[in-house]
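Engineer: Shown below is the structure under consideration.
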């Protein structure tokens, strides 16, 4: 993470402003230099509002989270949500199988063939009747 101490206290008339279209809660602590309310172009560097350090701007918030966690851990504690997925993790929908790994792999392969070679929509595994069939057959597909 390349950081430059570019702030020298002479940026009169400039403010640090975050674009409205960027919604991550970490943007409360970062922004771009703006004059008269308009963000200056190009947006190659973002500024930490706490320490005025310039960071390279990329399309993700990873380096912002890293900067907050290393340089401003107390402020990081006040950010609601933190870096989190917008969707639930896939493993939150799975249950562990009581079947041995080779048997489970064979069943999974047959399920993939059923869906793919049969040209069925992937959503077929979300069907309640399909889930009931799997539970009855103890196929251990991992579906809840």
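Numbering (the numbering used here), first residue to last: 1171 to 1314. Beta carbons are placed, not taken as given, at the ideal position from N, Cα and C, and that holds for glycine.
Given a threshold of 16 other Cβ atoms within 10 Å of its Cβ, counted over all protein chains shown, does residue 1292 qualify as buried or as exposed?
Structural biologist: exposed
Engineer: For the alpha helix (DSSP H) holding residue 1277, just list the boundary residues, first then last.
Structural biologist: 1271-1286
Engineer: Mark residue 1270 as exposed unless 16 or more other C-beta atoms lie within 10 angstroms of its C-beta, in which case mark it buried.
Structural biologist: exposed
Engineer: Under 6 Å Cβ to Cβ from residue 1246, same chain only, skipping five residues before and after it: list those, please.
Structural biologist: 1238 and 1239
Engineer: Mind checking which residues open and close the alpha helix (DSSP H) that includes residue 1236?
Structural biologist: 1232-1241
Engineer: When the Cα of residue 1221 is compared with those of 1281, 1242, 1290 and 1202, which residue comes out closest?
Structural biologist: 1242
Engineer: Verify whether the separation of the beta carbon atoms of residue 1187 and residue 1199 is less than 8 Å.
Structural biologist: no
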